[in-house]
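Remarks on the structure that follows.
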Amino acid sequence: MKKAYRIKKNSEIESLMKQRQSVGDGFFALYHIRNSQHEHFRYAISVPKKFGSAIARNQAKRRIREIVRKLTLPNNVDFFVVIKPKANTLNFWEMKEILYKLFARAKIIEG
0 MKKAYRIKKN SEIESLMKQR QSVGDGFFAL YHIRNSQHEH FRYAISVPKK FGSAIARNQA
60 KRRIREIVRK LTLPNNVDFF VVIKPKANTL NFWEMKEILY KLFARAKIIE G
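Following this line, the structure appears as structure tokens:
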């Protein structure tokens, strides 16, 4: 996925979190906002150091990027995925299922 789809500035991520439109469970937190300024969706991913080693954190980010790449997302949404340390026990398919449910609860995709 192109880097143009990523939110890179801390100020943009903070504004996303201040909106307080979020859904979550024990594994992930998903902050989202409708944004008509861009012609495509944008996203950011955060994995805390408590998650595990750098290898485990990078693998989790790659998995989330792949899941997002396969989704059919609307063009006017920005979202921020926070991976919680408890998600370290999940495999790819479990992550995918949980994230699909979170996106549906957030009404970003149709469930």
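Numbering (numbering that gives the first Met the number 0), first residue to last: 0 to 110. Glycine residues also receive a C-beta, built at the ideal position from the N, C-alpha and C atoms.
One or two residues paired with residue i in a DSSP bridge
i, result
"residue 29", "22 and 80"
"residue 5", "42"
Where residue i sits in the DSSP three-state scheme
i, result
"residue 44", "strand"
6 Å CB neighbourhood of residue i in its chain, flanking five on each side removed
i, result
"residue 87", "50 and 51"
"residue 84", "49 and 50"
"residue 72", "40"
"residue 108", "102"
Proximity winner among the options, relative to residue i (alpha-carbon distances)
i, options, result
"residue 82", "74, 96, 45 and 57", "45"
"residue 29", "36, 19, 96 and 3", "19"
"residue 14", "3, 25, 59 and 31", "31"
Cβ shell of residue i (< 7 Å), same chain only, five flanking positions each side left out
i, result
"residue 27", "80, 81, 82, 83, 86, 97, 98 and 101"
"residue 60", "44 and 46"
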